[in-house]
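Numbering (the working numbering), first residue to last: 17 to 275.
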Ligand code: FES
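Written out as structure tokens, the structure reads:
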């Protein structure tokens, strides 16, 4: 454990009742070894300025509420250690997620993010006949989700996307990744409808493949690859719908081990 060190946080502040536009404020304090950015924000709020406003909940990189921009990159405040990000003068810069309206300080309005999420019907729609016990999904089918189910909906990818910056009607990487998850899941029965939604004018073909979403994701997910897969699937929609209907006839049967 190293010694405490005096650090300076440059934090973008905005109070809609007082400020005409956002501005930076500096906070100097003693950083203790092991402190995360969220620990530091909580310290500043408790000891220096109680009006500093930010979101957080789980403190464990699970709830996704603490995403902010740290030194120009979207990250989870609770998962980010301060020490490695300090410059030579011990400074670090924190801003709210970009491209979204600021409500106060580091809190942004996520209405567009959630509206797009809802638009793709993110829930699983099972077949009409639900078995008494369980559906049987093979390990290969689960592997094809590419871990998309671990997305924590933090908004880091959405607000790093330069298409979102100019077009809030774009479905966005978060909701397209969720669509990918549902479309790849053999239990889902509205694959045709999903591919129609994301194949529309504000869907997968709007993506500019800039990879910002991959860089921003704190869970190491790859929304760009999911979008690429969806693009191909949109073009084979009828075949995929037919294959899904066929697969769902056997969803309760035991899975044979891959040979
Ligand atoms: S506080 Fe929940 S992800 Fe950071």
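Glycine is no exception: its CB is placed at the ideal position from the N, C-alpha and C atoms.
Discussion item. In whole angstroms, give me the CA-to-CA distance for residue 270 and residue 152.
Written reply: 6 Å
Worksheet item: With a Cβ-Cβ cutoff of 9 Å, do residue 126 and residue 186 count as a contact?
Response: no
Fill in: Distance between residue 246 and residue 161 (C-alpha atoms, nearest Å)
12 Å
Worksheet item: Does DSSP classify residue 63 as helix, strand or coil?
Response: helix
Worksheet item: Do you know offhand how far residue 235's Cα is from residue 163's?
Response: 9 Å
Practice prompt. Using 10 angstroms around the beta-carbon of residue 74, count the other beta-carbons present and answer buried if the total reaches 16, otherwise exposed.
Written response: exposed
Worksheet item: Smallest Cα separation from residue 103: which of 86, 31, 194?
Response: 86
Item to complete: Examine the ligand FES and report whether any of its heavy atoms sits within less than 8 Å of the Cβ of residue 167.
Response: no
Practice prompt. Check whether the Cβ of residue 67 sits closer than 8 Å to any heavy atom of the ligand FES, and report yes or no.
Written response: no
Worksheet entry | With 16 other Cβ atoms within 10 Å as the buried cut-off, status of residue 140 | exposed
Discussion item. Between residue 76 and the ligand FES, is there a pair consisting of the residue's CB and a ligand heavy atom that are separated by less than 8 Å?
Written reply: yes
Item to complete: Kindly list the residues whose CB is nearer than 6 Å to the CB of residue 61, restricted to its own chain and excluding five residues on each side of it in sequence; keep chain order.
Response: 68
Discussion item. Suppose the cutoff is 6 Å on Cβ atoms and the five residues either side in sequence are ignored; what does the same chain contact list for residue 48 look like?
Written reply: 20
Practice prompt. Let me know if residue 255 comes out buried or exposed under the rule of 16 or more other beta-carbons within 10 Å of its beta-carbon.
Written response: exposed
Worksheet item: Just to check, is the beta-carbon of residue 80 closer than 8 Å to a non-hydrogen atom of the ligand FES?
Response: yes
Worksheet item: What are the complete alpha helix (DSSP H) segments, minimum 4 residues, inside the region 148 to 182?
Response: 155 to 159, 178 to 182
Discussion item. At a cut-off of 8 Å, would you count residue 175 as near the ligand FES, judging by its Cβ distance to the nearest heavy atom?
Written reply: no
Worksheet item: With 16 as the cutoff for other CB atoms within 10 Å, does residue 264 come out buried or exposed?
Response: buried
Item to complete: State the Cα-Cα distance for the pair residue 202 and residue 156, rounded to the nearest angstrom.
Response: 11 Å
Worksheet entry | Segment limits, alpha helix (DSSP H) that includes residue 250 | 239 to 251
Worksheet entry | Limits of the unbroken alpha helix (DSSP H) element including residue 194 | 189 to 200
Practice prompt. Answer yes or no: the CB of residue 170 versus the heavy atoms of the ligand FES, is any distance below 8 Å?
Written response: yes
Worksheet item: Going by the CB atoms, is the gap between residue 138 and residue 194 shorter than 9 Å?
Response: yes
Discussion item. What does the alpha-carbon distance come out to for the pair residue 240 and residue 71?
Written reply: 27 Å
Worksheet entry | CB contact flag (residue 121, residue 112, <9 Å) | yes
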